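Peer 1:
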Amino acid sequence: MAKQQHDREDLLREATALVVRAELQLNSDAHPVVAGFRQGGEASFYFGFDPVFQFNSERQLRRAFYDGRLIKAEQGALIALAR
Numbered sequence: 003m004a005k006q007q008h009d010r011e012d013l014l015r016e017a018t019a020l021v022v023r024a025e026l027q028l029n030s031d032a033h034p035v036v037a038g039f040r041q042g043g044e045a046s047f048y049f050g051f052d053p054v055f056q057f058n059s060e061r062q063l064r065r066a067f068y069d070g071r072l073i074k075a076e077q078g079a080l081i082a083l084a085r
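Residues in the sequence shown are numbered consecutively from 3, following the working numbering.
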């Protein structure tokens, strides 16, 4: 099995907090997107392992992984941390 396929399957398996989740193919050239929702309606979108966007129940960005950086909301501001 190709590593890329294995990684996508891991995302779906490990996203157990997402009570509703699906893998979407947006076009034939792009990697699939894993989208899901937690019990309270909070959305998460995984474009592979990077980028990842997670939102709170008020549809505000809670946390993201983008270009190797962790971006998180803290006291009403977004903070970027380099990994």
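Each residue gets a CB set at the ideal place from its N, CA and C atoms; glycine is no exception. Quick caveat: nothing in here was measured; it's all calculated off a predicted structure.
Under 7 Å, do Ala82 and Arg64 count as touching if we go by C-beta distance?
Peer 2: Contact: no.
Peer 1: Count the other CB atoms within 10 Å of the CB of Ser59; is the residue buried (16 or more) or exposed (fewer)?
Peer 2: Answer is exposed; the Cβ neighbour count stays below 16.
Peer 1: Which one or two residues does DSSP pair with Ala35 in a beta bridge?
Peer 2: Reading the sequence as shown, one finds Val at residue 35 and not Ala. Partner(s): Leu26.
Peer 1: In the DSSP assignment, what are the bridge partners of Ala17?
Peer 2: In the DSSP output, where bridge partners are listed per residue, Ala17 has none listed.
Peer 1: In its own chain, which residues sit with a C-beta less than 6 Å from the C-beta of Gln6, not counting the 5 before and 5 after it?
Peer 2: Note that Gln6 scores a pLDDT of 45, beneath 50, so its modelled location is shaky and nothing firm can be said.
Peer 1: Is Arg23 closer than 7 Å to Gly38 when the C-beta atoms are compared?
Peer 2: Taking 7 Å as the Cβ cut-off, Gly38 and Arg23 qualify as a contacting pair.
Peer 1: In terms of alpha-carbon separation, which member of Arg40, Phe57, Ala19 and Val36 lies closest to Phe49?
Peer 2: Comparing Cα positions, the closest option is Val36.
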